[in-house]
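Numbering (the working numbering), first residue to last: 15 to 172.
Virtual Cβ for every residue (Gly too), placed ideally from N, Cα, C.
Written out below as structure tokens is the structure these notes cover.
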Amino acid sequence: MHRPSFDEIYMELAANLALRSHCVKAKVGAVLTKDTRIISLGYNGPPAGTHNCDVEWPEDGCPRDSKGSCSLALHAEQNAILYAAKNNVPIEGCTLYVTLSPCIACARIIYTTGIKRVVFKESYAQYKGIASDEGVDFLRKFGVEVLHYSELVSTSQP
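Structure, rendered in structure tokens:
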């Protein structure tokens, strides 16, 4: 019987959290951990108490901003970080599991809060149709360990 690694457990949880998203464009989940313990969770969507995009705009999603992105949404990693901060949970040295690699704005937040390791499942660049994962590049440039989940799974299997 396969005994799952923490990486597998937390990425599976992030994928399940993504299913909670009200976004009609992309569903993203995030799990923030420290020393093999979960300290916060998040998924993408509008701030609590505002709108649920799948209810308000079920066909096309929420209105777009000037760059074509959701005008209301917080990203999954932002929600996980904000929830931890709101509850005075230290984030420094944490690992973040996220189903879509961080965009450049989220990468700046991840770096600034002291998260030391990021594991992502899918590429933001591929999803957006852009040349590179700017967020991943930024984090690696400044010393944050960033791993593609498929690399972890392929190296951990017998």
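Determine the direct distance from the alpha carbon of residue j to that of residue i, and round the result to whole angstroms.
i      : j      : result
Asp79  : Pro72  : 18 angstroms
Ile124 : His16  : 32 angstroms
Pro18  : Lys155 : 30 angstroms
Ala94  : Glu165 : 24 angstroms
Ala62  : Val133 : 26 angstroms
Gly157 : Ile118 : 15 angstroms
Val167 : Ile105 : 25 angstroms
Leu86  : Ser115 : 20 angstroms
Tyr163 : Val42  : 15 angstroms
Lys256 : Val112 : In the structure as shown, the chain begins at 15 and stops at 172. Residue 256 is therefore absent and cannot be evaluated.
Gly56  : Ala32  : 8 angstroms
Would residue i be called buried (16 or more neighbouring beta carbons within 10 Å of its own) or exposed?
i      : result
His36  : buried
His89  : buried
Val69  : exposed
Asp147 : buried
Asn101 : exposed
Leu110 : buried
Ala44  : buried
Could you tell me the boundaries of the beta strand (DSSP E) in which residue i lies?
i      : result
Val133 : Arg131 to Glu136
Leu88  : Neither: Leu88 is in no beta strand (DSSP E) and is coded neither H nor E.
Glu73  : That residue, Glu73, is in no beta strand (DSSP E); it is neither H nor E in DSSP.
Thr240 : Any question about residue 240 goes unanswered here, given that the chain covers just 15 to 172.
In three-state terms, what does DSSP make of residue i?
i      : result
Ser35  : coil
Ser54  : strand
Phe20  : helix
Val103 : coil
Please go through the same chain and pick out, in chain order, the residues whose beta-carbon is closer than 7 angstroms to the beta-carbon of residue i, but skip the five residues on each side of it.
i      : result
Ile53  : Leu46, Thr47, Ala98, Val103 and Cys108
Cys120 : His89, Glu91, Gln92 and Gly149
How is the alpha helix (DSSP H) around residue i delimited, first residue to last?
i      : result
Arg154 : Glu148 to Lys155
Thr64  : Element bounds for Thr64: n/a, residue is neither H nor E.
For residue i, collect the residues of the same chain with a Cβ closer than 8 angstroms to its Cβ; drop the 5 residues on either side in sequence, then sort them by chain order.
i     : result
Glu26 : Pro18
Within the same chain, show all residues whose beta-carbon is closer than 6 angstroms to that of residue i, passing over the 5 residues directly before and after it, in chain order.
i      : result
Cys67  : His36, Cys37, Val38, Gly75 and Cys76
Val160 : Val132, Val150, Leu153 and Arg154
Under 8 angstroms: does the beta carbon of residue i sit that close to some heavy atom of the ligand MG?
i     : result
Pro72 : The ligand MG is not part of this structure, which contains no ligands at all.
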